[in-house]
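Student: Each residue of the sequence shown is one higher than the last, beginning at 1 in full-length UniProt numbering.
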Amino acid sequence: MKIDEKIVTYFESCNSPVDKEGFLYKKGEIKTSYQKRWFVLKGNLLFYKDRPADRDPIGVIVLEGCTVQLFSQNLSHCTVTRVCNDLTLY
Numbered sequence: 001m002k003i004d005e006k007i008v009t010y011f012e013s014c015n016s017p018v019d020k021e022g023f024l025y026k027k028g029e030i031k032t033s034y035q036k037r038w039f040v041l042k043g044n045l046l047f048y049k050d051r052p053a054d055r056d057p058i059g060v061i062v063l064e065g066c067t068v069q070l071f072s073q074n075l076s077h078c079t080v081t082r083v084c085n086d087l088t089l090y
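1) Compute the Euclidean distance between the alpha carbons of K36 and K26, then round it to the nearest angstrom.
2) Do W38 and P17 have their CB atoms nearer than 9 Å?
3) Tell me, please, whether the CB atom of P17 is closer than 9 Å to any CB atom in chain D?
4) If I'm right that N44 touches V60 with Cβ under 8 Å, what's the distance once you round it to whole angstroms?
5) Helix, strand or coil for E21? Go by DSSP, reduced to three states.
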């Protein structure tokens, strides 16, 4: 799916309600260590950036057609996966 970067940036910065936000650790594709990122969930789009005060997101994860599964319930470090159309992301 191709996403227009300007539209995504506008949607993240506009006054639409935030469903959930907070710090999570994201495992990178190239740099496979976990990086602490600020995540903002708006509808089916999960935006992430380095810090809450940053204006533009580093990236966005489209959650359309996905389910999220909790792997562990240890409150200090939970693990979730995103499953989309036969593709599993941790």
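Ideal Cβ positions, reconstructed from N, Cα and C, are used throughout, including at glycine.
Tutor: With the structure as the only source:
1) Within the sequence shown, the letter at position 36 stands for residue 36. Within the sequence shown, the letter at position 26 stands for residue 26. So the alpha carbons of these two residues sit roughly 6 Å apart.
2) For the purposes of this step, residue 38 is identified with residue 38 of the sequence shown, where counting begins at 1. For the purposes of this step, residue 17 is identified with residue 17 of the sequence shown, where counting begins at 1. For W38 and P17, no; Cβs fall outside 9 Å.
3) Note that chain D does not occur in the displayed structure, where there is just one protein chain.
4) Within the sequence shown, numbered from 1, the residue matching residue 44 stands at position 44. Within the sequence shown, numbered from 1, the residue matching residue 60 stands at position 60. Not quite, the Cβ-Cβ distance comes to about 10 Å (not below 8 Å), so this is no contact.
5) For the purposes of this step, residue 21 is taken as the residue at position 21 of the sequence shown. If DSSP states are grouped into helix, strand and coil, E21 belongs with the strands.
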